[in-house]
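J.: Adding 409 to a residue's 1-based position in the sequence shown gives its number in our numbering.
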Amino acid sequence: MLKQLLLVAITASFIAVGCGESSTGSGKPKLVYIAKNTGNPYFDPLIQGFKDAAAEQGCEVVTVAPATADATSQLPLIEDQIQQGVGAIALSPNSTEALNRVLDEAMAKGIAVITVDSDLTNNEKSRTVAVKTADPQSVGEGQIELLGSLIGYSGKFAILSATTDAPNQNEWIGIMKKTLETNPKYKNMQLVETAYGNDEPQKSLTEAEALLTKYPDLKGIVAPTTVGVAAAAQAVETAKKADTVFVTGLGTPNQMRRFIQNGTVKAFALWSPYDEGYLAGQVAAQLAKKSLTIKSGTKIQAGKLGEREVREKSVIITGPPTVFTKENIDQFHF
């Protein structure tokens, strides 16, 4: 186990205040949040929200992340937290299947498992509850509509995603493709390729540049990942193609502000990662304290977010996305 952990780059931070019962040595339950990978700015506000909610609930928090978003990179981190006897494991899984065995082990030991942002699609039995961003259907359809409005609902476009195993991106992309096939509004839009940048800035940039070279008549790139959309914007900016290739996707205002202000990007979308992390922290803390039972229709008091309801398949939705443009981007700072 130690050798495995030495191969994984992790970041860790701690908040220590009391919180109910626990099997840990301090007598206080511990919450852990495991992000997809280090170096992804999307997770910074999410982690802060998780910490703030846990602090309000009086819990101890650890946050860790692997160096890469590979399907199995989170395994040693999960195994380590199980051995430490945490009260709840919240994570943004890098795979819908590769982590299930160890997550089943955690649940068998009474540890609550909360998926955050991405979910174990078709393997929901391996987690207690999922805290999702917006409704996946609205995200996928919204991405196609946003891109369509930019390219006049006509022309070739490409998708720049994260990894081939990324659960949330794959779900959204599936909805995007179905929307293209079934809605006549988009009949003149042609998806030419789905590229994968592995949520790594340099690889995402390389993939975006390759798309511009391979398809000289490309009209748009949609990237449902914060790393990918920034990389696509950088590629288009460098190639001086902002007037002919329209970039949109899911990004944070702070990383996309320059591209919006200089006209490289006209619009993109995202929900609040902070709120998502905060909601996950509230749910994780209440599960760790055994004060919450998850079932469809359950009302959850989520601190300053107010009330949320558990949906089918034990899913809790954070809230709808916001579309950011030059007119409103300076109102947001995350």
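Every residue, glycine too, gets a C-beta built ideally from N, C-alpha and C. Given the structure is predicted, the values throughout are model-derived calculations rather than measurements.
Could you check whether residue 585 and residue 553 sit closer than 9 Å to each other, using their CB atoms as the reference points?
T.: Against a cut-off of 9 Å, the Cβ pair of residue 585 and residue 553 comes out as a contact.
J.: For residue 583, report the span of its beta strand (DSSP E) as first-last.
T.: Element bounds for residue 583: not the beta strand (DSSP E) but the alpha helix (DSSP H), 576-591.
J.: Please report the straight-line C-alpha distance between residue 568 and residue 640, rounded to a whole angstrom.
T.: Each residue's alpha carbon lies about 12 Å from the other.
J.: Going by DSSP in three states, residue 442 sits in which element: helix, strand or coil?
T.: The answer is strand: DSSP assigns residue 442 an E or B state.
J.: Along the alpha helix (DSSP H) that carries residue 536, what are the first and last residues, could you check?
T.: Here residue 536 belongs to no alpha helix (DSSP H), and DSSP marks it neither H nor E.
J.: For the alpha helix (DSSP H) holding residue 694, just list the boundary residues, first then last.
T.: Element bounds for residue 694: 682-697.
J.: When the cut-off is 9 Å and only beta carbons count, does residue 538 lie next to chain B?
T.: The structure shown has no chain B; it contains just one protein chain.
J.: For residue 432, which of helix, strand or coil comes out of DSSP?
T.: Summary for residue 432: the model assigns pLDDT 44, below 50, so the residue's position carries little reliability; its value from the coordinates is reported in the next sentence. Note: residue 432 maps to coil in three-state DSSP.
J.: With distances taken between CB atoms, is the gap from residue 625 to residue 580 smaller than 9 Å?
T.: Taking 9 Å as the Cβ cut-off, residue 625 and residue 580 do not qualify as a contacting pair.
J.: Check whether the region 441-461 touches the region 670-684, taking contact to mean three or more Cβ pairs, one atom from each stretch, closer than 8 Å.
T.: Contact holds: three or more Cβ-Cβ distances are below 8 Å.
J.: Could you work out which residue in 735, 716, 450, 518 is closest to residue 726 when comparing CA atoms only?
T.: Checking every option, the nearest Cα to that of residue 726 belongs to 716.
J.: What does residue 474 pair with, by DSSP beta-bridge criteria?
T.: DSSP, once it has assigned bridges, lists no residue as partnering residue 474.
J.: Applying the 10 Å Cβ sphere with the 16-neighbour rule, what's the burial state of residue 710?
T.: Exposed, by the Cβ-count rule.
J.: Suppose the cutoff is 6 Å on Cβ atoms and the five residues either side in sequence are ignored; what does the same chain contact list for residue 655 look like?
T.: Hits under 6 Å: 559, 560, 629.
J.: Name the residue from 473, 506, 505 whose alpha carbon lies nearest to the alpha carbon of residue 498.
T.: Taking only the C-alpha atoms, the option nearest residue 498 is 473.
J.: Leaving aside the five residues before and after residue 632 along the sequence, list all residues of the same chain whose C-beta is less than 6 Å from its C-beta, in chain order.
T.: So the qualifying residues of the chain are 569, 638, 641, 658.
J.: Which of the three DSSP states is assigned to residue 451 in this structure?
T.: Residue 451 falls in the coil class under three-state DSSP.
J.: Less than 8 Å between the CB atoms is what I'm expecting for residue 705 and residue 719, so what's the real figure, rounded?
T.: Between residue 719 and residue 705 the Cβ distance is about 6 Å, and since that is below 8 Å, they are a contact.
J.: Does the beta-carbon distance from residue 516 to residue 530 come in below 9 Å?
T.: No, these two residues do not count as a Cβ contact at 9 Å.
J.: Considering only residues of the same chain and omitting the five flanking positions on each side of residue 644, which have a CB-CB separation below 7 Å?
T.: Excluding positions up to five away in sequence, the list reads 614, 617, 618, 621.
J.: DSSP on residue 483, reduced to helix/strand/coil?
T.: If DSSP states are grouped into helix, strand and coil, residue 483 belongs with coil.
J.: If you count every other CB in all the chains shown that lies within 10 Å of the CB of residue 446, and 16 or more means buried, which is it?
T.: Counting Cβ neighbours within 10 Å, residue 446 comes out buried, since at least 16 surround it.
J.: Check whether the region 662-675 touches the region 483-498, taking contact to mean three or more Cβ pairs, one atom from each stretch, closer than 8 Å.
T.: The answer is no - the region 483-498 does not touch the region 662-675, with fewer than three Cβ pairs under 8 Å.
J.: Which stretch, first to last residue, makes up the alpha helix (DSSP H) that contains residue 560?
T.: That run of the alpha helix (DSSP H) goes 545-560.
J.: Could you have a look at residue 520 and say whether DSSP puts it in helix, strand or coil?
T.: Three-state result, residue 520: coil.
J.: Looking only at its own chain, which residues have a Cβ that is under 7 Å from the Cβ of residue 527, when we skip the five neighbours before and after it?
T.: These residues qualify, in order along the chain: 501, 502, 575, 576, 577.
J.: To the nearest angstrom, how far is the alpha carbon of residue 465 from that of residue 441?
T.: The alpha-carbon atoms of residue 465 and residue 441 are separated by roughly 15 Å.
J.: Assign residue 670 to buried or exposed, taking buried as 16 or more other Cβ atoms, counted over all protein chains shown, within 10 Å of its Cβ.
T.: Classification for residue 670: exposed.
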